[in-house]
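Below is one structure, written out as C-alpha cells; the observations come after it.
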Amino acid sequence: QETIHLSEYTPFGFLIDAVHLTFDLSPNATRVKSRIDFRPNPDATDSTFFLHGEKLTLIEARIDGTPVTPDITDTGLTCTVPDAPFTWEAEVEIDPANNTALEGLYMSGGMYCTQCEAEGFRKITYYPDRPDVMATFTVRINSNMPVLLSNGNPAGEGDGWAEWHDPWPKPAYLFALVAGHLVNHPDHFTTASGREVTLNIWVREGDAHKCAFGMEALKRSMTWDEEVYGREYDLDVFNIVAVDDFNMGAMENKGLNIFNSAAVLASPETATDGNFERIEAIIAHEYFHNWTGNRITCRDWFQLCLKEGLTVFRDAQFTADMRSAPVKRIGDVIDLRARQFPEDQGPLSHPVRPDRYQEINNFYTATVYEKGAEVISMLKRLVGDDAYKNALDLYFDRHDGQACTIEDWLQVFEDATERDLTQFKRWYTQSGTPHLTVAEDWADGTYTLTFTQSTPPDANQSDKLPQVLPIAVGLLSPNGDETVPTTLLEMTEATQSFTFDGLSSRPVPSILRDFSAPVVLDRESSASEQAFLLAHDTDPFTRWDAGRNLARDTLIAMVTEGAAPQGAYLDGLAAVLRDTSLDPAYRALILALPSASELAQALDARGTVPDPDAIHDAQETLRQTLAEKLQDALPGLYAAHQVDGPYSPDAASAGHRSLANAVLSLITRLDSGAQAQTQFDGADNMTQQLAAFGCLLQAKRGEDAIAAFYDQWQADRLVIDKWFSMQVIFAAPDAAASTAAALTRHPDFDVKNPNRFRATLGGLAMNHAGFHRADGSGYALLADWLITLDDLNPQTTARMCAAFQTWARYDEGRKAHARAQMERILAKPDLSRDTSEMITRILK
Ligand code: DPP
Ligand code: ZN
7 QETIHLSEYT PFGFLIDAVH LTFDLSPNAT RVKSRIDFRP NPDATDSTFF
57 LHGEKLTLIE ARIDGTPVTP DITDTGLTCT VPDAPFTWEA EVEIDPANNT
107 ALEGLYMSGG MYCTQCEAEG FRKITYYPDR PDVMATFTVR INSNMPVLLS
157 NGNPAGEGDG WAEWHDPWPK PAYLFALVAG HLVNHPDHFT TASGREVTLN
207 IWVREGDAHK CAFGMEALKR SMTWDEEVYG REYDLDVFNI VAVDDFNMGA
257 MENKGLNIFN SAAVLASPET ATDGNFERIE AIIAHEYFHN WTGNRITCRD
307 WFQLCLKEGL TVFRDAQFTA DMRSAPVKRI GDVIDLRARQ FPEDQGPLSH
357 PVRPDRYQEI NNFYTATVYE KGAEVISMLK RLVGDDAYKN ALDLYFDRHD
407 GQACTIEDWL QVFEDATERD LTQFKRWYTQ SGTPHLTVAE DWADGTYTLT
457 FTQSTPPDAN QSDKLPQVLP IAVGLLSPNG DETVPTTLLE MTEATQSFTF
507 DGLSSRPVPS ILRDFSAPVV LDRESSASEQ AFLLAHDTDP FTRWDAGRNL
557 ARDTLIAMVT EGAAPQGAYL DGLAAVLRDT SLDPAYRALI LALPSASELA
607 QALDARGTVP DPDAIHDAQE TLRQTLAEKL QDALPGLYAA HQVDGPYSPD
657 AASAGHRSLA NAVLSLITRL DSGAQAQTQF DGADNMTQQL AAFGCLLQAK
707 RGEDAIAAFY DQWQADRLVI DKWFSMQVIF AAPDAAASTA AALTRHPDFD
757 VKNPNRFRAT LGGLAMNHAG FHRADGSGYA LLADWLITLD DLNPQTTARM
807 CAAFQTWARY DEGRKAHARA QMERILAKPD LSRDTSEMIT RILK
C-alpha cells in the first residue's frame, strides 16, 4: 500500500481558469462531459499532466479540439499537453446506480446525489482532484427529474435541463449535484449588507413536515456568523438536501449542502431533544464552512484540521450561545474523553495534523475534529478574546480565496499578537494526550502548585516534548468561598511551579476549569475533597468533574476491591439533585455515570486489566444503590420536571426532560418499569417515548414496547434506526450479539444503508460488555459484517473498525479472539485500502 507523506507535497503543474461540466443523467450510464481551461502554473516545478480518475469509462478526450489518447491506469491518466494555455475536453461514462460506496455520483432512494470529499470527484470525471486546485464551475444537468441542483447560482433552466454557475473558485471536493423528485421548504434571509438569499431545504415528499427546525437553525447560524465573525453569505441561494444513504453527517458543498437525513430532519414526534440539538449544530457547522473551508480551503488533506478544527470550534461557540454554555462544554468533554482519548492513547493515535496516510478517509477522526477544536480553544484562551478576533479578521483578509496550511494559520496569530507560537505548534504535530500531575505546597500564607506534564511515547514520536498548557485554576477557602477567582496559568516546561501569596488558610484548588486543555489530570485527591468541590466549586465544569471523579473512583473500588458504593459520592449526588438553583440539564449530567469504556480506560491506566463484566455489574449495583438511596426524592423530582404544553425543543424544556428521564431510569429500578410503561404509552414526543422505551428494555420488559414501537413507526426510517440501535444497546451483555444478529435478519435491515448498519452493528460496539464478550461472539459478529460491507462501502467499514482499537487492554482470552477476527478481516480477498490500513494500524 502506498503511503502519502506531508513532506512530499508539490504544487500541481497547471492552474485552471474555468470548468464546464455537462451531465446526461441515467442510472447505469450517466455521461459526463468536461471542458477545462488549463494553463501552466508558474509556481510549479513538475509539469506532468496527471488527472485523477477512478472507475470511469473514457469515451473520448480532446486537447484544443483535437482527439488525444491518454495513458490510463486504475488511478488516473497522463497525457502530453502544450506548454501554453489549452482546453481539455473529455467525455466519460459512469454507473451511479451501482455505486454502493456512496462516493462520487450515486443514487439514493431514486435520486441522484454526490459526495466528493475527500477524493470522490475523481469518480465523476478526470480531474486534478486535490484541494489546492481551485476553479469556477459551470454545470449543466440534463435529466427528466423535476429538481436539478448544483453549486452556486441558477443560470438557466428549461424542460429537462438546468444550468448552475458558481462564481467562487473552489476545489473539486466541494462540487455537488442533486437530481430527484424533491419538495422544498423555502425561506429567505437578508444579509447584513442587504443581499437577498433564497433558502431551501429539499426533501422527499413524505418528509416535508420535518424541515422547519432545520430552517430556523440555518437562519440563526447565518445571523450568528455575521454578528460574531463578521462573515456574510455570498450567493443568491443556499440549498440543503436531505439524503437517506450517506456515509457522514453532512457535507458543506458550496451553496448546496448535502445532509444525511438523520442530521437535518426533525419533528417532535420523531426526533429527540438530542437529535434537535445535534441537527442545529450540524446545520451551523456546514454553514460555517462557507468561510472556514470553502472561501479559505486546505492546501492538501494533511491540513484537514485547518477547516475542521476551526469549524467545530465555531459550531461549539454557536451552540454555547444558543443554549447553555456549561452544559455544552461538559457534553463536549464527555465526547472527547469517550472518542478522542482512546484514539490518542491507542494504536490509531496521530497528530491533529497527520504527516502520513494511506487513505485520507481514515483521518476524519475525533483527533482532527475534536482535538483540533480544543487546540483552537487553547489558542483563544492564551491570546485572549480581542486578539483572537483580530487574528481571525486577518485570516479572512489575508487568505480569502486561498488553499492554506497550519503554518499560514499560526502565522496570522503570530502577526496579530506578536506571540511566538513555535512551541504551541507541537499541538498540531505531536500525537498523544499529555498527562498532568500536580504537587501542592503550603507555607506561611503561600500556596504553590507544581505541575508536571508528560506524554507517553507512541509510534509517531518516541520522545514527546513539553507542550504549552493553559491551565485555568481557582482557589476555594475551606468554608467554600472562592478566594482566588479563575486564573490562567501558562505552562511551557516539563515541570513548572506557580505560587499564590497572601492566603489566610490553605486553599482547596479547582484545577483545569472549563477543561482549559485536553489533558488527563492525574491528581490524587481524597473523596472528601472531591465532595467539597462537588458542593462548592464555582466553575460548572470542575464541579461536574469532581462528581465524575467520585463516581469513577467508587466504581473502580467496587470493581477492584469489591468495595461498597462510597458514601461521599451518594451524599454529594443527593445534595446536587435537590439543589433547585442548578440547571436541570446540569443536574442530569451529574447524575450520569462514567461509561463502561471510560472505566476500562481508567483501569488500564492504573495497570489493571479491565473486566467488562465486572464493570457492568458495578455500574448496575451503583445505579441500584443510587435508586434506593434517592427513593423518597425520585417521584417528586420526576413530577416537578414534567414539561406541560406542546413539545418545544428549546434548551430549557430539554433540560427538564433530561432530568426527568434520568430520574425515570432510577425509578425503573424500583418499580420494575411501571412508570416507564405509563410514559411510553402516553408519550406525544420522541424524547419521552424513547427514554421510556430504553427503561423498559433495561427492565427486561420490553417485548410489548418493541412490537408497539415498530408498529407505530415502521414507515419512518430514522425512527426505525432508533428501534434497531436501542434493542442492541440495552441488551444484557450475554444477549447483545444474538440480538444484533437477529436484527440483521430483520426484513428492514439494509447493509447498504450506513445509518441502519451503524444502528445495528455500531449499537453492538456501544454495548461494552456485550461487544467484549469473553467468548468472542461480539467480535465475530462485527467481523462478519465488516467483511460483508467492505466490498460495498469501504469508507463506512473502515470507520467501524475503530471498535477494535482498544482490544489490547483486555485479557489474553479476549485479545486472542479480537486478534483472530482482525486477522480474518485482513485475509479477506480484495480488502479495501481503507479497511486494510485501519486493521493493520490497530493490530500493530
Ligand atoms: N467536511 C464534512 C464536515 O465535517 C465531512 N466530510 O462537515
Ligand atoms: Zn466539517
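For the sequence shown, UniProt numbering begins at 7 and goes up steadily by one.
Glycine is no exception: its CB is placed at the ideal position from the N, C-alpha and C atoms.
Annotation: the stretch 371-447 contains the following complete segments of the alpha helix (DSSP H) (minimum length 4 residues), in chain order: 378-389, 391-405, 412-423, 432-435. Separation of Val38 and Met254 (C-alpha to C-alpha, rounded to the nearest whole angstrom) is 25 Å.
Note that the stretch 319-326 does not touch the stretch 157-165; fewer than 3 beta-carbon pairs, one per stretch, sit closer than 8 Å. By the C-beta density criterion, Ile69 is buried, having at least 16 other C-beta atoms within 10 angstroms. Annotation: the continuous beta strand (DSSP E) that includes Asp43 extends over 36-46. Cβ contact annotation for Gly784 (same chain, cutoff 7 Å, sequence separation greater than five): Ala742, Ala743, Leu770, Gly776, Phe777, His778, in chain order. Between Leu576 and Gln625, the alpha-carbon positions lie close to 14 Å from each other. If you draw a straight line from the Cα of Ser149 to the Cα of Gly166, it is about 5 Å long. With respect to the 8 Å criterion, Pro524 and Glu709 are not classified as neighbours on the basis of their beta carbons. Distances from the CA of Phe282 to each of His295, Ala268, Pro332, Ser199 were compared; the closest alpha carbon is that of Ala268. Under the 10 Å beta carbon count, His11 is surrounded by fewer than 16 other beta carbons and is classified as exposed. DSSP, read as helix, strand or coil, puts Cys85 in coil.
Partner residues in the beta bridge of Met113, as assigned by DSSP, are Tyr118. Taking 7 Å as the cut-off, one finds at least one heavy atom of the ligand DPP near enough to the beta carbon of Ala256.
With distances taken between CA atoms, Pro348 lies nearest to Gln607 out of Gly651, Leu27, Gln607. Remark: the C-beta of Glu123 is in contact range of the ligand DPP, defined as less than 7 Å to any heavy atom.
Less than 8 Å separates the beta-carbon of Tyr118 from that of Leu183. Cβ neighbours of Ile712 within its own chain (closer than 7 Å, five residues either side excluded): Gln733. Glu314 has its Cβ nearer than 7 Å to a heavy atom of the ligand DPP.
Under a 10 Å Cβ-count criterion, Asn104 is classified as exposed, with fewer than 16 other Cβ atoms of the shown protein chains found around its own Cβ. For Arg675, the closest C-alpha among the options Lys821, Gln704, Gly661 is that of Gln704.
No heavy atom of the ligand ZN is found nearer than 7 Å to the CB of Thr325. Leu471 sits in coil when the DSSP states are folded into three classes, being neither helix nor strand.
For the pair Thr317 and Gly378, the Cα-to-Cα distance works out to about 9 Å. Between the alpha carbons of Gln648 and Leu665 lies a gap of roughly 9 Å. With contacts defined as CB atoms closer than 8 Å, Leu108 and Thr36 fail to qualify as a contacting pair.
With a cutoff of 8 Å on beta-carbon distance, Ala780 and Gln827 are scored as not near each other.
Annotation: Leu224 to Pro173 spans about 22 Å, alpha carbon to alpha carbon.
For the stretch 232-316, the continuous beta strand (DSSP E) assignments of 3+ residues that do not extend past its boundaries occur at 243-249, 262-266, in sequence order. A contact between stretches requires three or more CB pairs, one per stretch, nearer than 8 Å, and the stretch 424-442 meets this requirement with the stretch 458-467. If you look at Met140, you'll find it isn't in any alpha helix (DSSP H); DSSP assigns it neither H nor E. In the DSSP assignment, Gly661 falls within the unbroken alpha helix (DSSP H) covering 657-677. The stretch 525-536 and the stretch 546-563 touch, with no fewer than 3 CB-CB distances between them shorter than 8 Å.
Contact between Gly280 and Val374 does not hold, since their C-beta atoms are separated by about 24 Å, which reaches or exceeds 8 Å.
Straight-line spacing of the CA atoms in Ile302 and Glu604 works out to 37 Å.
As the crow flies, the alpha-carbon of Gly162 is around 13 Å from that of Val153.
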